[in-house]
Amino acid sequence: MSNVSSRVSLSDWGLEPAVDYIERVQRSDGLVPWYPDGPADPWDHVESAMGLSVAGRDEAARRAYDWIADVQHDDGGLWATYGETDGDEGAHAGDEPRKETHRSAYVAVGVWHHYQCTGDRAFLEALWPTVRDALAFACARQAPTGEVHWAVGADGAVYEDALIAGCASIYKSLAAGAAIADVLGYGDARDRWLETRADLGEAIRSRPDRFDRTWESKSRYAMDWFYPVLCGVLTGEPARQRLEAGFDRYLEAGLGCRCVADEPWVTVAESCELVISLAAVGEAERAREIYEWLFQWTDDEGVFWTGYQFEDEEFWPGDRPTWTGGAAVLAADALSGLSPAGELFTERLYD
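Each residue of the sequence shown is one higher than the last, beginning at 1 in full-length UniProt numbering.
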């Protein structure tokens, strides 16, 4: 259940400027770049669209999901990044183009979220093929040991390693896809995705050796700490214990959550996702306290900076990402029930 009366509004939190900024940066084709004339990626694009949905900017949100449907590849995947590339799309300059499983699959969470906000069944039906194919792309890369491989190169080669945070995101995407399938009557797809999700959850909880096998461990990143809680892989007492174990390492009192444990930098988006994770385990008071710290990291318009480098005492990097505003809106929704989708991350589907 929501923790605070639904009478609390977006304006009460001072979040209208953040949503206005997302809508202002959105391109005419529906894509939401990170900032004006900047690059974009499908995961953060969806997070921005979710902020639009909470705010009732339904037409803008719908255009964001239509963009995904328009650019989705035949195999269900999406390029990891769009814009600021050597070519038209696919990678930042100097990087190899690739399609990442978690970034492609996350459209399922966004579509389910928009449906919860609007009750628009026609939207759900129209986006069903996009969701179906995106999840098929991710599921096809699941290893026999349960983890989902990270990415597919432009040549079709699979990067046979896995990320904790990325797989946790896929776990949430599979639950959202199953919920969509339930509404639309696709029971076979629902059952298949829930089976995949069960195997994936078991890998995240019990097979740490299946992650970060071919690159340096990502455990220094805060997302590895709280994403299994945020996405519902861990619930109840195990989830509370995991969060408690990381506070000394990642939380900077009065400032927010570090992006990386060994760097003097707090980021608004990770802090907001930690807030939602705390709300999911019943720690609403602590979640609200951390959330209220974050409004010191806005510009004169009320738009959030990426984060704050507290040794140098400066905003760094000097960008105002759209997806940071989206994360802030989702955190307020989890705390205050701003929309009918406020329980998306705090009430668990199929658990």
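Cβ atoms here follow ideal geometry from the backbone N, Cα and C, with glycine treated the same way.
- Is the distance from the Cβ of Asp182 to the Cβ of Arg190 below 8 angstroms? yes
- Task: Grab me the residues of Leu15's own chain with a C-beta within less than 7 angstroms of its C-beta, minus the 5 sequence neighbours each way, in chain order.
- Result: Ala328, Val329 and Ala332
- Item | Residues near Tyr227 in its chain [Cβ-Cβ closer than 6 angstroms; skip 5 each side] | Counting only Cβ-Cβ distances below 6 angstroms, and skipping sequence neighbours, we find Ala165 and Ala168.
- Query: DSSP state of Leu234, grouped into three classes?
  - Reply: coil
- Query: Could you give the uninterrupted runs of the alpha helix (DSSP H) lying entirely in the stretch 248-318, keeping only those of 4 residues or more?
  - Reply: 268-280 and 284-293
- What is the DSSP secondary structure of Ala162, reduced to helix, strand or coil? coil
- Query: What are the uninterrupted segments assigned as alpha helix (DSSP H) that are 4 or more residues long and contained completely in the stretch 41-126, given in chain order?
  - Reply: 42-54, 58-71, 101-105 and 107-118
- Mind checking who Val148 pairs with in its DSSP beta bridge? Gln142
- Message: For the alpha helix (DSSP H) containing Leu15, name the first residue and the last one.
- Response: Run containing Leu15: none; DSSP gives neither H nor E here.
- Item | For Trp297, the nearest candidate out of Ala269, Pro36, His149 and Val8 (CA to CA) | Ala269
- Going by the beta-carbon positions, is the gap between Leu174 and Thr145 smaller than 8 angstroms? No, the Cβ-Cβ distance between Leu174 and Thr145 is not below 8 angstroms.
- Message: Between which two residues does the alpha helix (DSSP H) holding Val329 run?
- Response: Thr322 to Ser336
- Quick one: measure Cβ to Cβ for Phe137 and Asp75, integer angstroms, because I've assumed they're closer than 8 angstroms. 6 angstroms
- Run through DSSP, which three-state label would Gly153 get? It is a strand residue.
- For Phe345, three-class secondary structure by DSSP: coil
- Query: Roughly how many angstroms lie between the CA atoms of Ser219 and Val275, to the nearest whole one?
  - Reply: 19 angstroms
- Straight-line CA distance for Glu349 to Ala176? Correcting the residue identity first, residue 349 is Leu in this sequence and not Glu. The C-alpha of Ala176 is placed about 8 angstroms away from the C-alpha of Leu349.
- Item | 8 angstroms Cβ cutoff, Asp20 in contact with chain B | Chain labels in this structure do not include chain B; a single protein chain is all it has.
- Task: Rounded to whole angstroms, what's the CA-CA distance from Asp12 to Ser336? Just pull it up for me.
- Result: 10 angstroms
- Task: From the DSSP output, in three-state form, read off Tyr221 for me.
- Result: strand
- Task: Let me know if Gln241 comes out buried or exposed under the rule of 16 or more other beta-carbons within 10 Å of its beta-carbon.
- Result: exposed
- Check whether the Cβ atoms of Gln116 and Ala261 sit closer than 8 angstroms, and answer yes or no. no
- Roughly how many whole angstroms lie between the Cα atoms of Ala122 and Ile68? In this structure, the straight-line span from the alpha carbon of Ala122 to that of Ile68 is close to 17 angstroms.
- Message: Let's test the definition: count the other Cβ atoms within 10 Å of the Cβ of Phe304 and tell me whether it reaches 16, buried, or not, exposed.
- Response: buried
- Query: Does the distance from the CB of Trp316 to the CB of Gly256 come in under 8 angstroms?
  - Reply: no
- Item | Nearest-angstrom beta carbon gap, Val233 and Pro281 [assumed within contact, 8 angstroms] | According to the sequence displayed, residue 281 carries Val and not Pro. The Cβ separation is near 13 angstroms, so there is no contact.
- Same chain, Cβ closer than 8 angstroms to Val158, five either side skipped, listed in chain order: Arg141, His149, Ala151 and Val152
- Message: Check for me: the alpha helix (DSSP H) holding Ser206 runs from which residue to which?
- Response: Gly187 to Ser206
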